[in-house]
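Encoded as structure tokens, the structure appears first; notes follow it.
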Amino acid sequence: MFAILRSRWLSLWVALAVLTGTTVFLDVIPALAQDAPAAAESASSPAPAADPATPSPTAYFSGNPTPDPTGGGAGAGIVPATGGDPDPETLSKTDLYNRIAHNFFSINMVWTLITGFLVMFMQAGFCMVEVGLCRAKNAAHTASMNFMVYPLGCLAFFAYGFAIGWGNWWNAPVAPGWVSTLGPGTAVLNEGIGLEPGMTPEGKPDGTYKYGLMGTKGFFLNGLDDVSVMALFFFMMVFMDTTATIPTGAMAERWSWKNFCIYALWVALPYCFYANWVWGGGWLAQAGLNWGFGHGAVDFAGSGVVHAMGGVIGLAGALCIGPRRGKFRDGKPHPIPAHHVPMVIVGTFILAFGWFGFNPGSTLSGTDLRISFVVVNTMLAGIMGAIASMLTLYAKGLKPDPTMMCNGMLAGLVAITAPCAFVDAWAAVVIGAVAGVLVVLSVFFWEKLKIDDPVGAISVHGVNGLWGVLSLGIFANGKYGGGWNKVDGPVAGIVAGDWGQIKAQALSCVVVVVFGFVMAYVWFKLSDMIFPIRVSEADEVEGLDRPEMGAHGYPEFTGN
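By the count of my numbering, the sequence shown reaches residue 561 at its end, each step adding exactly one.
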């Protein structure tokens, strides 16, 4: 009876919410319709005189100040019919150009934001996978880590992470004639630190560096009041939070809550430094220009920047915190079964769905039609990872463990994340299949070394993140990425006859392993002096839900 009443109350609340939202929507539409002519008139104000052969570019393209850099005034121009303009035939080339530019940036911004929403929802998938793979007595604690890493990680990224990673993004090496897909408002990301600064013809620093080290613009988003920067910030923030989540799986079931919380405020530091070196125009991205290593480090959506970094941090954390009680009793590994396999499978599907935002969204452009290739390659690698992991288990004389097959799918998705835009479909199948084999072998490898990883995060994200970075240097087909990192021609790997790209990819792998591991290992040792990294033996035996969180994940029963 209670369930029926609760269902009816829920239905009533939903109905009221829909009714309220509809009413507000109907009230707002007439107001917008009244304001539209005025807005359109403002947007189509007379343009400066132009060379008849070359229409004057809109302020978006020219870099001239817009009426309102926050988007309030500059965002009014749409299509003539809905804007209440006179006959479109009478509009000048500049007016039409202005509207095309606005729509171009609008499409890209909406695309970037929506795909970012999908990436944010991946937190739910991570939560379900990790909780399901752990024991019931630790369910609330594991879920709480996956929850709280989001607000704490976001706060850190807002405070200092974005500035370090993308503060000098505008001055990254780019192809001649490049225009930011989100709009030249990102030009405010123009301050950083590096070696050998570039100079203007007048002999003044131009903001570029031969070896970029970090950005310095935008701590607490100060001075970044532009719509395009806000879109970039949000998208990159949810990426960082993926990295932050990965170690919660590798260190689950024995990580103290207080130590975890200060970790969540720290993890943006190593992530954003490495992200700057690869994505922010730093020295790894410039390895092509400086040393002739292909196009420099290329990582389309983050096999290395996001996943390998998270896996390496997880490895350092697992070493520092030690294995769970009973995992290696008598010196041999003993399985600790997952408590909820269906939850793991559902979480895997949520993650796979989110990956269709993760990889295609990394174009930062809904007008880059390469997104269809990215989607198909992402799907193929994921399914092949699952199939290959199952076949590998059979080859080892084992049964098709559903949790390992889930990790196989995730491994394929991780591996394709770097090369997804640069490889053919057959290569995506190969990359995913190799990942499915690697994840199985890697799980057994770490167990032999007595490194306890309850969810396989090190194998899924660390090992296969590195494989994904390397696979780009092997399988890039030379059909996409022209001028990437200011190097002529498209990105090409060994199969396309270019042996230079694999050098940049290998260098990037070495850097993420060494830098990420050292930073994390030192951090965990130091933070252990502030708040002990590991819970007490008694709390671990009881389960962390009540001692650490004061609430059981399953109050109806205890045990596994």
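Every residue gets a Cβ at the ideal spot worked out from N, C-alpha and C, and that includes glycine. Note that the structure is predicted; figures quoted are calculated from it, not measured.
| query | In terms of residues, what are the limits of the beta strand (DSSP E) holding PRO198? | reply | DSSP places PRO198 in the uninterrupted beta strand (DSSP E) bounded by 193–200.
| task | Throw me the rounded Cβ distance for the PRO420 and GLY463 pair, which I believe falls under 8 Å. | result | With 8 Å as the limit, PRO420 and GLY463 do not qualify as a contact, their Cβ atoms being about 17 Å apart.
| request: Spell out the partners DSSP gives ALA493 in its beta bridges. | output: ASN478
| said: Using C-beta distances below 6 Å, list every residue in its chain close to VAL488, excluding the 5 sequence neighbours before and after it, in chain order. | reply: The residues are GLY289, HIS296.
| query | Can you tell me the Cα-Cα spacing of VAL120 and MET237, whole angstroms? | reply | Taking the straight line joining both Cα atoms gives about 10 Å.
| Cut-off 7 Å between Cβ atoms - residues of its own chain near GLY466, not counting five sequence neighbours on either side | SER304, GLY305, HIS308, ALA309, GLY312, VAL415
| query | Between VAL435 and LEU471, what straight-line distance do the alpha-carbon atoms span, to the nearest angstrom? | reply | 12 Å
| task | Consult DSSP for TYR210 and reduce its assignment to one of helix, strand or coil. | result | strand
| Alpha carbon to alpha carbon, how far is THR393 from PHE105? | Roughly 47 Å between the two C-alpha positions.
| query | Which value, in whole angstroms, describes the spacing of the CA atoms of GLY355 and PHE118? | reply | Between GLY355 and PHE118, the alpha-carbon positions lie close to 9 Å from each other.
| query | Who are the near neighbours of GLY437 in its chain, counting only those whose CB is closer than 7 Å to its CB and skipping five residues on each side? | reply | Correct list, in chain order: MET385, GLY386, ALA387, ILE388, ALA389, SER390, THR393, GLY409, ALA412, GLY413.
| task | Let me know if ILE101 comes out buried or exposed under the rule of 16 or more other beta-carbons within 10 Å of its beta-carbon. | result | exposed
| request: Evaluate the contact criterion for the region 127–145 versus the region 203–223: three or more CB pairs, one atom per stretch, below 8 Å. | output: no
| query | Is ALA317 closer than 9 Å to PHE525 when the C-beta atoms are compared? | reply | yes
| message | For the region 328–337 against the region 541–556, do three or more pairs of beta-carbon atoms, one drawn from each stretch, fall closer than 8 Å, so that the two count as touching? | response | Here the region 328–337 makes no contact with the region 541–556; the two share fewer than three CB pairs at distances below 8 Å.
| request: Could you check the C-alpha separation between TYR395 and VAL441 for me, to the nearest Å? | output: 11 Å
| request: Determine the extent of the alpha helix (DSSP H) in which GLU541 is found, giving its start and end residues. | output: 538–543
| task | Report, in whole angstroms, the separation of the C-beta atoms of MET146 and PHE261, which I expect to be a contact under 8 Å. | result | 6 Å
| message | What does the Cβ neighbour count give for PRO336, buried or exposed, with the cut at 16 atoms within 10 Å? | response | exposed
| query | Could you give the residue range of the alpha helix (DSSP H) that holds MET252? | reply | Unbroken run through MET252: none, as it is neither H nor E.
| said: Could you compute how far the alpha carbon of GLY126 sits from the alpha carbon of GLY348? | reply: 4 Å
| On the three-state DSSP scale, how would you describe GLY168? | coil
| When the Cα of ASN172 is compared with those of LYS211, LEU153, PHE158, VAL150, which residue comes out closest? | LYS211
| task | Could you check what DSSP says for GLY216 in three-state terms: helix, strand or coil? | result | strand
| query | What does a CB cutoff of less than 7 Å around TRP485 pick up in its chain, not counting 5 residues either side in sequence? | reply | HIS296, VAL299, VAL492
| Taking only runs of the alpha helix (DSSP H) that begin and end inside the region 234–322, which ones reach a length of at least 4 residues, in chain order? | 258–267, 269–279, 288–292, 310–322
| Any idea what DSSP makes of ARG535, helix, strand or coil? | Secondary structure at ARG535: strand, using DSSP grouped into helix, strand and coil.
| field | TRP427 - containing alpha helix (DSSP H), residue span | value | Run containing TRP427: 426–449, per the alpha helix (DSSP H) assignment.
| task | Please report how far the alpha carbon of THR113 lies from the alpha carbon of LEU527, in whole angstroms. | result | 38 Å
| message | For ALA245 and PHE558, what's the separation of their Cα atoms in angstroms? | response | Between ALA245 and PHE558, the C-alpha separation is close to 31 Å.
| message | As a quick exercise: from GLY358, MET252, TRP500, pick the residue whose alpha carbon is nearest that of GLY323. | response | Minimum Cα-Cα distance from GLY323 among the listed residues GLY358, MET252, TRP500 corresponds to MET252.
| field | Cβ-based burial, SER8 [other Cβ within 10 Å; buried from 16] | value | Because SER8 sits at a pLDDT of 45, beneath the cut-off of 50, its placement in the model cannot be relied upon, and the point is left open.
| Cutoff 6 Å; reference PRO248; Cβ partners in own chain excluding five residues on either side | If we look at PRO248 and ignore the five residues flanking it on each side, its Cβ neighbours are ILE314, GLY315, GLY318.
| query | In chain order, what residues of the same chain have a beta carbon less than 6 Å from the beta carbon of ILE452, not counting five sequence neighbours either side? | reply | ALA319
| Residues in its own chain within less than 6 Å of LEU214 by CB, not counting five upstream and five downstream? | Beyond the five residues adjoining it in sequence on each side, LEU214 comes within less than 6 Å, by CB distance, of ILE194, GLY195 in the same chain, given in chain order.
| query | Would DSSP call CYS421 helix, strand or coil? | reply | coil
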